[in-house]
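Chains as they are written, first to last, in our numbering: chain Y, 1 to 252; chain W, 1001 to 1252.
2 protein chains.
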Amino acid sequence: MPTLPQTTRRERQREATYDEIVRVSRDLLAEGAELSLRAVAGRMGMTAPALYRYVGNYQELVDLVAFEIDKAATATFAAAADELPEDDYAGRLVVSVTEFRRWALRSPREFGLVFANPIADASCQRRELLTLASSGHLFTDQMRALWEHNHHPIPALDDLPETIRTSVLDPLIPAEVEGLATEDRGLVWIYMQGWTRLYGVVALEVFGHMDPRVIESGEMFISVVREFAPVIGVEDDVERLVGLVRARLALP
Amino acid sequence: MPTLPQTTRRERQREATYDEIVRVSRDLLAEGAELSLRAVAGRMGMTAPALYRYVGNYQELVDLVAFEIDKAATATFAAAADELPEDDYAGRLVVSVTEFRRWALRSPREFGLVFANPIADASCQRRELLTLASSGHLFTDQMRALWEHNHHPIPALDDLPETIRTSVLDPLIPAEVEGLATEDRGLVWIYMQGWTRLYGVVALEVFGHMDPRVIESGEMFISVVREFAPVIGVEDDVERLVGLVRARLALP
DNA sequence: TCAGTTTGGTGAACGGTGTAAACCGTAAAC
DNA sequence: GTTTACGGTTTACACCGTTCACCAAACTGA
């Protein structure tokens, strides 16, 4: 039997249609076109109302596509890390976030879809998008691997503000905390700070609210990497890490 | 003669219409409605094509409204600063940026319009929006006043990357550098770094890509303030400054 | 095998958007 | 007082998300 059990023919067909929806949507975005139900349906040889058999409304289409875009982009961030030795934890993290910036500046529309779409005030399903973000998982995993190797100092739970303490004990963010001892949860706070800095500089550059020459040079991004290095205990390695960043930013 | 010279009746009429366009647009946004040419025109008792006598296209309307929203919001940031003594430079800066965050979280649509609209790849006029941003002017002015008072260390020009050096010598950002000595231009780089951190944390919170409980508590914003304090030489004052932030965040 | 139901599509329609063209009365300008 | 330019309208086009009624084909169970 070539088909797995419990997957009827219809289910496979439906799954294939979902994949095509995502593929066509990504093609449209890559071509600089607007993401619209009619455009997607038209390119699939369907009419727009047919898409309502697959997504409840336009926002659901956006969420679906955003999720898949994030997943695909994250794969490239991970691939960049795999160019380095497995035990170069700091290098892998730095190379991944650099690839994140490159991707964002290269695909501003996609970045906006994934990272500049309001999530806070939405339904439960959209809130789960927060904890399911592929990129978030990658960065947390890499940062945790780095910490488990060099055990740089992290804040004690008692030193954290109360809200932060409850948040790191039961995180709503894409952090794998299973098996991370309670007293080590300060690492999650460090991660949140790192994500804030990374998101901040990249969003600022993507939206262009800064001197274009500075953006083009990447020096602000490098400055952020440099200043965050001590926080994750890699200040002795920072010149090599910045070298990795510069080499990646110079790529075509 | 009650009318100023060189302002014909038509010009005053036209100016009044511009004002009404902006006023109506801001009302629409404040009510949670979409900003559209038809809605604005309708509320003004006109038809949509008539607006084309005032703005070239929809994006120009957005730019116009965004500029005025930024101006009005900046007035509230400045007003918050004026609650403090004139010589409390650090306090005034901190209170202003706190009000910036409060405004952004209270008016996410307006924030998106002003600060999450791509500027980089647009025409010259939109690029000028960068150097005309009212909020940028306020923050740079406050930071410069602080520096001229306590003269905290700033990077020397020779220590800056070349791109940054040329950028701070002839800034494209809303910084008043007239009269700021060439050797002191490292301050502009400090400002850019501060803006990156401020924009970053606020944008992240507005778009909700973070644990909602952390956003609600404001602890990430406080953490950013706390970590930036040493950069502008106010680390000895940081507990008082954080107190100012907390007091402001507790406001209704 | 046949009846019944679910699935996935169509076409028409509603109200909404930005935008372009043609047209026109009135106010300003010479 | 004639001319011009401004500021508006009407109409129209091509999109958009969304709903509804309808229908054929595919699955389902007796």
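Backbone N, C-alpha and C define an ideal beta-carbon position, used for all residues, glycine too.
Not a single CB atom of chain W sits nearer than 7 Å to the CB of Pro174 of chain Y. The shortest CA-to-CA distance from Val202 of chain Y to any of Y:Tyr58, Y:Gly233, Y:Val97, Y:Gly136 is the one to Y:Val97. Taking the CA atoms as reference points, Ser167 of chain Y sits about 27 Å from Ala73 of chain Y. The beta-carbon separation of Glu176 of chain Y and Thr140 of chain Y, rounded to 6 Å, stays under the 8 Å limit for a contact. C-alpha of Glu83 of chain Y to C-alpha of Arg144 of chain Y: approximately 19 Å in a straight line.
In the DSSP assignment, His137 of chain Y falls within the unbroken alpha helix (DSSP H) covering 134-150. Using a CB distance below 7 Å, the part of the region 1185-1208 of chain W facing chain Y consists of Met1192, Gln1193, Thr1196, Arg1197, Tyr1199, Gly1200, Val1201, Ala1203, Leu1204, Phe1207, Gly1208, ordered along the chain.
Across the set Y:Ala90, Y:Leu132, Y:Glu148, the C-alpha of Y:Leu132 shows the shortest separation from the C-alpha of Leu64 of chain Y. Only buried fits Ala1066 of chain W, as 16 or more other CB atoms lie within 10 angstroms of its CB. Between the beta-carbon of Ala104 of chain Y and that of Val206 of chain Y there is about 5 Å, and that keeps the pair under the 8 Å contact cut. Between Arg102 of chain Y and Phe221 of chain Y, the gap from beta carbon to beta carbon reaches 7 Å or more. Taking the CA atoms as reference points, Gly1200 of chain W sits about 28 Å from Asp1027 of chain W. Burial is judged here by how many other beta carbons sit within 10 angstroms of a residue's own beta carbon; Gln142 of chain Y has at least 16 and is buried.
Per DSSP, the unbroken alpha helix (DSSP H) holding Met1220 of chain W starts and ends at 1219-1228.
Distances from the alpha-carbon of Gly1186 of chain W to those of W:Pro1155, W:Pro1161, W:Pro1174 put W:Pro1155 closest.
Contact between Ala41 of chain Y and Ala50 of chain Y holds: their C-beta atoms lie close to 6 Å from each other, under 8 Å.
Sequence-ordered contacts of the region 63-88 of chain Y with chain W are nonexistent [C-beta pairs closer than 8 Å]. Within chain W, the C-beta atoms nearer than 7 Å to that of Ala116 of chain Y come from Ala1116, Phe1207, in chain order. When Cβ-Cβ separations below 7 Å define contact, Thr1017 of chain W makes no contact with chain Y. Around the beta carbon of Gly208 of chain Y, 16 or more other beta carbons sit within 10 angstroms, so the residue counts as buried. Excluding the 5 residues flanking it on each side, Phe228 of chain Y has same chain C-beta neighbours closer than 7 Å at Gly194, Arg197, in chain order. In this structure, Leu1172 of chain W sits away from Tyr1089 of chain W, with a CB-CB distance that is not shorter than 7 Å. Put simply, the backbone Cα of Arg1038 of chain W is about 50 Å away from that of Glu1239 of chain W. Residues of chain W whose Cβ lies closer than 9 Å to the Cβ of Ser217 of chain Y are, in chain order, Pro1161, Glu1162, Thr1163, Ile1164, Ser1167. Contact annotation: Arg213 of chain Y and Thr1047 of chain W have beta-carbon atoms that are not nearer than 7 Å. Interface annotation, Met44 of chain Y: not in contact with chain W, CB-CB separation never under 7 Å. Residues of the same chain with a CB within less than 8 Å of the CB of Leu35 of chain Y, apart from the 5 flanking positions on each side, are Ser25, Leu28, Leu29, Leu61, Val62, Val65, Leu113 in chain order. For a Cβ distance threshold of 8 Å, nothing in chain W lies close to Arg246 of chain Y: the least Cβ distance comes to about 10 Å.
In this structure, DSSP gives Tyr1191 of chain W a helical state, which the three-state scheme calls helix. Residue burial is scored here from C-beta neighbours: Gly1032 of chain W has fewer than 16 other C-beta atoms within 10 angstroms and is therefore classed as exposed. Minimum Cα-Cα distance from Phe1115 of chain W among the listed residues W:Asp1184, W:Asp1070, W:Pro1153, W:Val1245 corresponds to W:Asp1070. Restricting attention to Y:Asn57, Y:Val95, Y:Pro230, Y:Tyr54, the CA atom closest to the CA of Arg248 of chain Y is found in Y:Val95. The three-state reading of DSSP puts Pro1118 of chain W in coil, since its state is none of H, G, I, E or B. Across the set Y:Leu157, Y:Glu86, Y:Asn150, Y:Leu204, the C-alpha of Y:Leu157 shows the shortest separation from the C-alpha of Thr182 of chain Y. Here DSSP, grouped into helix, strand and coil, assigns Ser1167 of chain W to helix. Bounds of the alpha helix (DSSP H) holding Gly1243 of chain W are 1238-1249.
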